[in-house]
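A.B. asks: In my numbering, the protein residues as written are 33 to 378. Dropping the structure in here first, questions after.
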Ligand code: ADP
Ligand code: MN
Ligand code: MN
Ligand code: MN
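So this is what it looks like as structure tokens:
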């Protein structure tokens, strides 16, 4: 038998953006445990805005596991928060009720700022660094500083070793701003991996005395870029059948459900989606071929392959909950009238 360090990780009850929480328990197993072998566990919900003090027990239900490369015999355990009965999802548990479909693929582009001493990494104590321009995909100390690249590389290695589909990195437009991409098949699979990648990033940067700022417009109403989490998506139907008629019906459904999408695409998105700086205004739906100023960007590859492939919703922001974002996209896709599919397939 081996003693495994199980890190149970969950989302707390803070609004509008939950925080990641985690605690460790040691359990013995003959080999690396399976999800089914992991027991339910509890925590004090009154300390996480998930319960009143007088009846504070909440239950942690393991829903996904990954090896923890930073610990000997470590296991990262993604959990859903349940009521004391262990079967009723807690009100803060969005994952329990989202739409899922293994044929739906999601690629999330997580943008974020490194923050140190209350300002973006590399910003001077007062005032601003040289204006945006050279930082995006930049190289060299004056563009990216001395520790950011070390962190993003370490994070990449941690994710890959944990079996998380980390797909790439780039330095972003603002100084101190970066992006990584996570891809998964199914909304739960993709979103679990995104939350775990966020967790690994936050845990990793503790030793650098650096925080991750996920707010979508941390520098306010300035010329400094905000942070998004573009959601690239495709269903089996979009990849295999597609067609112009179906695409247009799909875009009409997105237009119709505009406010339902904005409601789960992250807080303060009106401060980011202003219509300036390659953003579409938050309150108007648009789409365009290779258009980075549209709500949905249609890649060239989509048009070339006769309206088949994936689309990029550019509106979700860096603080958005990938569970709810993916689910809303699936909900809108499901609302497309069946007649649009039939005519596209005919
Ligand atoms: P850009 O910065 O040009 O918008 P990125 O390369 O950062 O693009 O991100 C593209 C994302 O699209 C990746 O996360 C990738 O996994 C995702 N993606 C690629 N093909 C598909 C697909 N068929 N379905 C869903 N997502 C996809
Ligand atoms: Mn990108
Ligand atoms: Mn980007
Ligand atoms: Mn993008």
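Ideal Cβ positions, reconstructed from N, Cα and C, are used throughout, including at glycine. Remember, it's a predicted structure, so these values are computed and weren't measured experimentally.
One question on the structure: do residue 194 and residue 228 come within less than 8 Å of each other, judged by their Cβ atoms?
C.D. replies: The criterion of a C-beta distance shorter than 8 Å is satisfied by residue 194 and residue 228.
A.B. asks: Counting C-beta neighbours from all protein chains within 10 Å, is the total for residue 238 16 or more, i.e. buried, or is it exposed?
C.D. replies: Counting Cβ neighbours within 10 Å, residue 238 comes out exposed, since fewer than 16 surround it.
A.B. asks: At a threshold of 7 Å, does residue 310 count as lining ligand 4 (C-beta to nearest heavy atom)?
C.D. replies: no
A.B. asks: What residue from 313, 111, 165, 45 has the CA that sits closest to residue 38's CA?
C.D. replies: The shortest Cα separation from residue 38 among 313, 111, 165, 45 belongs to 111.
A.B. asks: Go ahead and pull the three-state DSSP assignment for residue 376.
C.D. replies: Because residue 376 carries a pLDDT of 48, less than 50, the predicted location of this residue cannot be relied on, and the following value inherits that uncertainty. Three-state result, residue 376: helix.
A.B. asks: Less than 7 Å between C-beta atoms, sequence neighbours within five positions excluded: which residues of the same chain meet that for residue 80?
C.D. replies: 44, 45, 53
A.B. asks: Going by beta carbon distance, what residues of the same chain come within less than 8 Å of residue 326, once the five residues before and after it are set aside?
C.D. replies: 312, 318, 319, 320, 346
A.B. asks: From the DSSP output, which residues share a beta bridge with residue 140?
C.D. replies: In DSSP, residue 140 forms a bridge with 214, 263.
A.B. asks: For residue 244, I'd like the list of residues in its chain whose CB is within less than 8 Å of its CB, leaving aside the five on either flank, ordered along the chain.
C.D. replies: 144, 145, 146, 147, 230, 233, 234, 237
A.B. asks: What does a CB cutoff of less than 7 Å around residue 82 pick up in its chain, not counting 5 residues either side in sequence?
C.D. replies: 44, 45, 90, 113, 122, 124
A.B. asks: Report all residues from its chain with a CB closer than 8 Å to the CB of residue 342; omit the five preceding and five following residues, and keep chain order.
C.D. replies: Beyond the five residues adjoining it in sequence on each side, residue 342 comes within less than 8 Å, by CB distance, of 137, 139, 264, 265, 266, 270, 271, 331, 334 in the same chain, given in chain order.
A.B. asks: Residues in the same chain with beta-carbon distance under 6 Å from residue 279, minus the five sequence neighbours each way, listed in chain order, please.
C.D. replies: 339
A.B. asks: I want to check one thing, is the minimum distance from the CB of residue 280 to the heavy atoms of ligand 4 below 7 Å?
C.D. replies: Every heavy atom of ligand 4 is 7 Å or more from the Cβ of residue 280, so no.
A.B. asks: If residue 118 and residue 72 are in contact, beta carbons under 8 Å, what's the gap, nearest whole angstrom?
C.D. replies: 6 Å
A.B. asks: Identify every run of the alpha helix (DSSP H) within the region 178-227, keeping only runs that are complete inside it and at least 4 residues long; order them along the chain.
C.D. replies: 180-194
A.B. asks: Considering residue 334, what are the terminal residues of the alpha helix (DSSP H) in which it resides?
C.D. replies: 332-336
A.B. asks: How long is the line joining the alpha carbons of residue 40 and residue 57, rounded to whole angstroms?
C.D. replies: 8 Å
A.B. asks: Beta carbon of residue 141: closer than 7 Å to some heavy atom of ligand 6?
C.D. replies: Because ligand 6 does not appear in the structure shown, any question about it cannot be addressed here, the ligands present being ligand 1, ligand 2, ligand 3 and ligand 4.
A.B. asks: Rounded to a whole number of angstroms, what is the C-alpha to C-alpha distance between residue 197 and residue 100?
C.D. replies: 15 Å
A.B. asks: Give the range of the alpha helix (DSSP H) segment to which residue 48 is assigned.
C.D. replies: No alpha helix (DSSP H) contains residue 48, which DSSP labels as neither H nor E.
A.B. asks: Comparing C-alpha positions only, which one of 142, 224, 207, 361 sits nearest to residue 109?
C.D. replies: 224
A.B. asks: In this structure, does DSSP put residue 242 in helix, strand or coil?
C.D. replies: Here residue 242 sits in coil by DSSP.
A.B. asks: Based on DSSP bridge pairs, tell me the residues matched to residue 90.
C.D. replies: 75
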